[in-house]
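Participant:
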Amino acid sequence: MSDQQITLKPNDKTQTESCCAGSESAQTASRDNPADIRAEVQNHYGEVAALQLTGNASSDCCGSDLYAGEDLSQLPDAAVNSSRGCGNPHAIASLQPGETVLDLGSGGGLDVLLAARQVGPSGYVYGVDMNDRMLELARRNAAKAGAANVEFRKGDLEDLPLPDGTVDMIISNCVVNLTPDKSKALAEAYRVLSPGGRLAISDIVVDGDLSGLPVSEEQIRAGLSWAGCIAGALTISELNRLLQEAGFEEIEVTIEQRYTPDDFNGEIPTTLAGLRPEVVQDLLQRFTSSGIQARKPRG
Ligand SMILES: C[S@@+](CC[C@H](N)C(=O)[O-])C[C@H]1O[C@@H](n2cnc3c(N)ncnc32)[C@H](O)[C@@H]1O
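In the numbering used here, the protein residues as written are 8 to 306.
Written out as structure tokens, the structure is:
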């Protein structure tokens, strides 16, 4: 435990570029107030989508560099450039022709379009997102890509607009951390999966916990942005517990990347500026981009 004590400024938000880039719009969201969280997330991703829809977005951002093994060349620029994931769920999903897939928080549609290619014409891919502008962007991208086996539905992860037991595979890229009630979101994922169906998602999770630092977990989370995919990240043990409580088995969490100050574009979050560099490094590297897999029992 460090003997250094600092005071965090709760309104001074920041977030990592590797997940949800460039948010000057990130606002204070009280962790205790789901409506505040939703509003912050809606505002931020609405702006991300609007920039793409109006052609005003820069292309030097985003999560598309995470798709090393995928062929992005045939996809619309706006789908690639609007990517705000923190991993590549396709690397762990092993989608098969004919499968029905659901992408939770489908954003501009990149993962849906990649999945559509893999499941082929006999398969089908649903994208669910709560943001109208993201849905408009995703539908425009799907039309440009000529994808006939995809559909984007408006909905919340905590109340999915799909019937029980209808999906073979759920993918998602950096969205579960954004939901206020993760227990509900995972229960909904379980509900819509068919028996034996699988979950393969990328998300930010905390390795270990946020103790042993000169600031409390509450202060750390209050000082970071929820829309930036950091403040709402579960610990790996919380995630395991919630997946088990939802009914999942064969749960596997694989750490793929640990965050460093460089992932904040060289700018240490100002809320952490009073901490020694090695303490900041220790804190940030507990936040990881991880691959999360689980299965609904066959019945
Ligand atoms: C970090 S972005 C990721 C988008 C996409 N998965 C990607 O990799 O580019 C988060 C997306 O999830 C959506 N989202 C956030 N919380 C949601 C919720 N509770 N229900 C539905 N969509 C949500 C946002 O509108 C946004 O489009």
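By construction, the Cβ of each residue, glycine as well, lies at the ideal position given by its N, Cα and C atoms.
Quick one: what's got a C-beta closer than 6 Å to Gln264's C-beta in the same chain, skipping five residues either side?
Facilitator: Ser296
Participant: Taking three-plus beta-carbon pairs below 8 Å as touching, is the stretch 215 to 224 in contact with the stretch 84 to 104?
Facilitator: no
Participant: Looking at ligand 1, does it come within less than 7 Å of Arg91, judged from the CB to the closest heavy atom?
Facilitator: Ligand 1 has a heavy atom closer than 7 Å to the beta-carbon of Arg91.
Participant: Along the beta strand (DSSP E) that carries Met141, what are the first and last residues, could you check?
Facilitator: Not the beta strand (DSSP E): Met141 falls in the alpha helix (DSSP H), residues 139 to 152.
Participant: Between the stretch 250 to 260 and the stretch 276 to 293, do at least 3 Cβ pairs fall closer than 8 Å?
Facilitator: no
Participant: CB-CB under 6 Å to Thr242, same chain, minus the five flanking residues each way: which ones, in chain order?
Facilitator: Val213, Asp216
Participant: If I'm right that Leu193 touches Ala149 with Cβ under 8 Å, what's the distance once you round it to whole angstroms?
Facilitator: At roughly 27 Å, the Cβ-Cβ gap does not stay under 8 Å, so Leu193 and Ala149 are not in contact.
Participant: From Val55, Leu117, Gly172, Val132, pick the residue whose C-alpha is nearest to that of Arg305; which is it?
Facilitator: Gly172
Participant: Are there any heavy atoms of ligand 1 lying less than 7 Å away from the beta-carbon of Glu165, as far as the coordinates show?
Facilitator: yes
Participant: Keeping to the same chain, check which residues put their C-beta closer than 6 Å to that of Val132; ignore five residues upstream and five downstream.
Facilitator: Val108, Val119, Ala122, Ala123, Val157
Participant: Looking only at C-alpha atoms, which of Leu79, Ser179, Gln300 sits nearest to Leu250?
Facilitator: Gln300
Participant: Helix, strand or coil: how does DSSP classify Tyr52 here?
Facilitator: helix
Participant: What number of angstroms, rounded off, separates the C-alpha of Asn63 from the C-alpha of Asp270?
Facilitator: 24 Å
Participant: Please report the straight-line C-alpha distance between Met137 and Gly112, rounded to a whole angstrom.
Facilitator: 7 Å
Participant: Would Met176 and Arg205 qualify as a contact pair, given that the criterion is a beta-carbon distance under 8 Å?
Facilitator: yes
Participant: Using CA coordinates, which residue listed in Leu164, Ala196, Val183, Ile44 is at the minimum distance from Lys303?
Facilitator: Ala196
Participant: Provide the residue(s) that pair with Thr107 in DSSP beta bridges, ordered along the chain.
Facilitator: Tyr131.
Participant: How would you call Asp139, buried or exposed, if buried means at least 16 neighbouring beta carbons within 10 angstroms?
Facilitator: Exposed: under 16 other Cβ atoms inside 10 Å.
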